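Since the structure comes first, as C-alpha cells, the remarks are kept for the end.
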Amino acid sequence: MKDYYQILGVSQDASPEDIKKAYRKLAHEHHPDKGGEEKNFKEINEAYQVLSNKEKRAQYDRFGKVFEEGAGFQPGGGFDFGNFGNGGGFEFNFSDLGDMMEDIFGFGGAAQKKDLKRGRDIEIEMEFGLEDVLGSQEKEIDLEKLVTCSRCQGNGAEPGTSIKECFTCRGTGQVQQIRRTPFGTFTRVAVCPECGGEGYKPEKPCNVCKGEGRIKDREKIKVFIPAGVDTNQVIKVGGKGDAGKRGGKPGNLYIRVFIKPHHIFKREGDDLYVSLPISFSQASLGDEIEMKTVEGTSILLNIPQGTESGKILRISGKGIPHFSGSGRGNMYVELIIKTPKKLTKEQKELLEKLKKEGL
Numbered sequence: 016m017k018d019y020y021q022i023l024g025v026s027q028d029a030s031p032e033d034i035k036k037a038y039r040k041l042a043h044e045h046h047p048d049k050g051g052e053e054k055n056f057k058e059i060n061e062a063y064q065v066l067s068n069k070e071k072r073a074q075y076d077r078f079g080k081v082f083e084e085g086a087g088f089q090p091g092g093g094f095d096f097g098n099f100g101n102g103g104g105f106e107f108n109f110s111d112l113g114d115m116m117e118d119i120f121g122f123g124g125a126a127q128k129k130d131l132k133r134g135r136d137i138e139i140e141m142e143f144g145l146e147d148v149l150g151s152q153e154k155e156i157d158l159e160k161l162v163t164c165s166r167c168q169g170n171g172a173e174p175g176t177s178i179k180e181c182f183t184c185r186g187t188g189q190v191q192q193i194r195r196t197p198f199g200t201f202t203r204v205a206v207c208p209e210c211g212g213e214g215y216k217p218e219k220p221c222n223v224c225k226g227e228g229r230i231k232d233r234e235k236i237k238v239f240i241p242a243g244v245d246t247n248q249v250i251k252v253g254g255k256g257d258a259g260k261r262g263g264k265p266g267n268l269y270i271r272v273f274i275k276p277h278h279i280f281k282r283e284g285d286d287l288y289v290s291l292p293i294s295f296s297q298a299s300l301g302d303e304i305e306m307k308t309v310e311g312t313s314i315l316l317n318i319p320q321g322t323e324s325g326k327i328l329r330i331s332g333k334g335i336p337h338f339s340g341s342g343r344g345n346m347y348v349e350l351i352i353k354t355p356k357k358l359t360k361e362q363k364e365l366l367e368k369l370k371k372e373g374l
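Heads up, the sequence shown is in our numbering, so the first residue is 16 and it goes up one at a time.
Below, the structure is given as C-alpha cells:
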C-alpha cells in the first residue's frame with residue numbers, strides 16, 4: 016500500500032499549507048527536466064492530488080487499503096465497481112475522464128505544449144570556507160555538460176545540407192492517434208515520433224553530433240559568488256546548463272552553496288560566536304585583551320572588572336556581510352574563566368592568601 020503522507024514526508028495531521036510546501040520542494044527535486052526519476056515524480060504528483068483535495072483526503076484517511084485496492088474507492092474519484100452487477104448500481108465521475116484514460120489506456124487529452132528543445136538544468140555543489148564569504152569573488156569551474164556542436168553550429172545538419180519539414184506531421188510536431196475502448200472511440204494528439212515534436216528534421220544529420228546539435232564536452236564557466244552566502248543557498252547562472260537540442264534554449268546552472276565549519280568561529284545567520292578563555296585575575300580586575308577576528312586581523316577587547324564566566328560581549332560589525340544589502344552582522348564573544356590545572360609554589364602561596372581574604 017502506498018503511504019501518501021510518507022511519500023510527501025508529512026504527518027497525517029499536516030495542514031494544507033504544509034502539504035503544498037512539501038509537494039513544491041519534492042516536485043522541484045524530482046522533476047525529470049532536472050534529472051529526476053519520472054516514476055518518483057509521478058508518485059509525488061499522485062500523492063499531492065489526493066492529499067490536497069479535502070474530500071479525497073478524507074476518503075483516503077477513512078478507507079486505508081481499500082483506497083488503493085479499488086474496493087469501493089479510487090484515487091481519481093471515478094469508478095465504483097464494487098456492487099456492479101449485484102444490484103448495487105454503477106457510479107461514474109466524468110470530471111477525471113481525461114486523467115483516467117491516460118492512466119489506463121495510455122491516451123487522453125491533447126498533448127501538452129512544452130519546449131522540447133530546451134537544454135536540461137544542471138545543479139552542482141560548491142564548498143567554501145567561512146573566510147571566503149567575507150567578500151564577493153569570481154570563481155572558474157570546469158564543468159562537463161552538453162555544449163553546442165561546433166561543426167553544425169547547433170542546427171543538427173551536416174554543413175551544406177538543409178533542414179526540412181517533417182513528412183509525418185507536416186511541420187506541426189504533432190500527430191493524431193485514434194483508439195477504440197469499451198467507452199467509445201477517443202482521439203489523442205501526441206508528439207510526432209518521427210521528429211520528436213520539432214516539426215523539422217535535418218536533411219542529413221551532422222556527422223559529429225548525429226543530428227542533436229550538441230555534444231558532450233567540458234566548459235570553463237566563470238561564476239560570481241556574492242559576499243555573505245550561506246549553506247543551502249542556490250545561485251542561478253542563466254543559460255549555463257546543457258545546450259538546447261538543435262539550437263534550442265539552453266538550461267540554467269544552479270550552484271548550491273555549502274560553508275565548511277570553522278575551527279574557532281560558529282556562524283548563526285550573519286552573526287559569529289566565539290569563546291575566549293580568560294584568567295581569574297583578568298575577570299576580577301578587568302583587562303584589555305588582543306584577539307583575532309575571522310579575517311585574521313587583531314582587535315582590542317575590553318574585559319570589564321568583575322566579569323563572570325559565561326558573560327557575552329558584542330562586537331558590532333565584525334560578523335558576516337549581509338547577503339542582500341550593506342553592512343555586517345555582529346561578533347559575540349563568550350568569556351570563559353579558565354581554572355589552572357598546575358600552579359607554581361608562588362601562585363599557590365598567593366592563592367592561599369587570597370583564600371584567607373575571602374576570595
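Ideal Cβ placement from N, Cα and C applies to all residues, glycine included. A quick note: this is a predicted structure, and the numbers were derived from the prediction, not measured.
Cα-Cα separation, residue i to residue j
i, j, result
"Pro265", "Ser67", "34 Å"
"Glu140", "Gly188", "37 Å"
"Asn222", "Lys160", "19 Å"
"Gln74", "Val65", "9 Å"
"Glu250", "Glu58", "First, the residue type needs correcting, since residue 250 is Ile and not Glu in the sequence shown. Their Cα atoms are separated by approximately 29 Å."
"Glu323", "Ala298", "7 Å"
"Gly332", "Phe338", "14 Å"
"Ala172", "Val162", "16 Å"
"Gly341", "Ser151", "In the sequence on display, residue 341 carries Ser and not Gly. Approximately 12 Å, taken between the alpha carbons."
"Asn60", "Asp28", "19 Å"
"Glu146", "Gln362", "40 Å"
"Tyr288", "Met306", "13 Å"
"Lys360", "Ser290", "30 Å"
"Asn101", "Asn55", "Any reading at Asn101 must be qualified, since the residue scores a pLDDT of 39, below 50, and its modelled position is unreliable; the value itself is stated next. So the alpha carbons of these two residues sit roughly 38 Å apart."
"Glu84", "Arg77", "The pLDDT assigned to Glu84 is 36, lower than 50, so where the model puts this residue is not dependable; a value taken from the coordinates is nonetheless given after this. Rounded to the nearest angstrom, the two C-alpha atoms are 14 Å apart."
"Arg15", "Lys40", "The chain is shown only over 16 to 374; residue 15 falls outside these bounds and no answer can be derived."
Contact check, residue i vs residue j, beta carbons under 8 Å
i, j, result
"Leu6", "Ile314", "In the structure as shown, the chain starts at 16 and stops at 374, and residue 6 therefore has no counterpart that could be examined."
"Glu240", "Lys154", "According to the sequence provided, residue 240 is Ile. The question's Glu does not apply to it. In this structure, Lys154 lies closer than 8 Å to Ile240 by Cβ."
"Ser26", "Tyr19", "no"
"Ile178", "Pro208", "no"
"Glu180", "Phe273", "no"
"Lys260", "Gly228", "yes"
"Gly321", "Asp286", "no"
"Ile236", "Ile156", "yes"
"Asn247", "Lys255", "no"
"Gly24", "Ala37", "yes"
"Val348", "Leu366", "no"
"Thr183", "Ile193", "no"
"Lys275", "Gly144", "yes"
One or two residues paired with residue i in a DSSP bridge
i, result
"Ser296", "None; Ser296 has no bridge partner."
"Glu303", "Asn317"
"Leu287", "Arg282 and Met346"
"Leu66", "Beta-bridge pairing links Leu66 to no other residue."
"Tyr19", "Paired residues: none, contrary to the question."
"Thr196", "Gly199"
"Arg329", "Tyr347"
"Ala172", "Pro220"
"Tyr269", "Glu138 and Lys251"
Selected residue, minimal CA-CA separation from residue i, among the options
i, options, result
"Thr176", "Pro220, Gly228, Ser339 and Lys370", "Pro220"
"Arg133", "Tyr288, Met141, Gly263 and Leu161", "Gly263"
"Arg343", "Met306, Thr359, Glu372 and Val244", "Val244"
"His46", "Ala73, Thr354 and Ile137", "Ile137"
"Gly301", "Lys307, Thr308 and Ile293", "Ile293"
"Ser296", "Ile304, Val289 and Gln74", "Ile304"
"Val309", "His278, Gln248 and Thr163", "His278"
"Gly284", "Val148, Arg135 and Lys326", "Val148"
"Arg166", "Glu70, Met346, Ile230 and Leu23", "Ile230"
"Pro336", "Arg282, Pro31, Lys40 and Asp33", "Arg282"
"Arg271", "Val238, Lys69 and Gln168", "Val238"
"Leu158", "Glu234, Ile34, Ala258 and Lys17", "Glu234"
"Lys326", "Ile352, Gly311, Leu131 and Cys210", "Ile352"
Three-way DSSP call (helix, strand, coil) for residue i in this model
i, result
"Leu369", "helix"
"Pro31", "helix"
"Cys364", "For the sequence presented, residue 364 should be read as Glu rather than Cys. Reduced to three states, the DSSP call for Glu364 is helix."
"Glu146", "helix"
"Phe56", "helix"
"Asp76", "helix"
"Leu161", "strand"
C-beta neighbour in chain D for residue i, strict 8 Å
i, result
"Leu66", "Protein chain content of the structure displayed is limited to a single chain, and chain D is not contained in it."
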